[in-house]
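Peer 1:
In the numbering used here, the protein residues as written are 22 to 231.
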């Protein structure tokens, strides 16, 4: 299961982080330090702010989350020690100015070849990711009636269902292409474009065996 803030069981739960080589979608398996860092609710919120802002100082995040700056600074160091965020010195005003950014890519909680390093922490994080997904679906469900009736005309969400018959190899290849298209779009985006919005995208699929 993997989660780019970017912010997702069995190869499908991804979490935004560094590019890796494991799995059909080029994910690395989270270390126990990463699991421990992301199991904390405030640190999860911090990673979401960094995914939205791309780069931020502790003071920026503290203002967004209405939390003390010294507390945010502590949690940023924990995330950095876990390898989930790094400093962005090119965005800093001087050597004392600390600007942070998320490490790009995706991580998996675990796979059959590389099981989750800490099952308890993995379970905590998985439940958090699922809760996030439920909240996303709730938001879409609240907006959709306004759009389909014409009371709202701007697109703020997307929901589609499709049933396909594929082998596992074909399914893996399809998902690799989907991930590639999304990464290409993100890479091509101008971060200074004033029309840019933050889109949360969850990919959920299941076969008829489970």
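Positions of the beta carbon are idealized from the N, C-alpha and C atoms, including for glycine. Model, not experiment: these values are computed from the prediction.
Verify whether the separation of the beta carbon atoms of residue 137 and residue 59 is less than 9 Å.
Peer 2: Cβ atoms of residue 137 and residue 59: not closer than 9 Å.
Peer 1: For residue 175, is the classification buried or exposed, using 16 other Cβ atoms within 10 angstroms of its Cβ as the cut-off for buried?
Peer 2: Residue 175 is exposed by the Cβ-count criterion.
Peer 1: Among 76, 96 and 94, which has the Cα closest to the Cα of residue 111?
Peer 2: Closest by alpha carbon: 76.
Peer 1: Can you give the Cα-Cα distance for residue 201 and residue 153, rounded to whole angstroms?
Peer 2: Taking the straight line joining both Cα atoms gives about 23 Å.
Peer 1: Find out if the Cβ-Cβ distance for the pair residue 155, residue 168 is shorter than 9 Å.
Peer 2: No; because the gap between Cβ atoms is not below 9 Å, this pair is not in contact.
Peer 1: If you drop the 5 nearest sequence neighbours on each side, which residues of the same chain put their C-beta closer than 8 Å to that of residue 90?
Peer 2: The answer, listed in chain order, is 79, 80 and 83.
Peer 1: Would the stretch 90-99 and the stretch 129-148 be scored as touching if the rule is three or more Cβ pairs under 8 Å?
Peer 2: Cβ pair count under 8 Å is below three, so no.
Peer 1: Residue 164 lies in the alpha helix (DSSP H); which residues open and close that run?
Peer 2: First-last of the alpha helix (DSSP H) with residue 164: 140-169.
Peer 1: Measure how close the beta-carbons of residue 104 and residue 120 come, nearest whole angstrom, since I'm counting them as under 8 Å.
Peer 2: Rounded, the Cβ-Cβ distance is 18 Å, inconsistent with contact.
Peer 1: What is the DSSP secondary structure of residue 60, reduced to helix, strand or coil?
Peer 2: Of the three classes helix, strand and coil, the one that applies to residue 60 here is coil, per DSSP.
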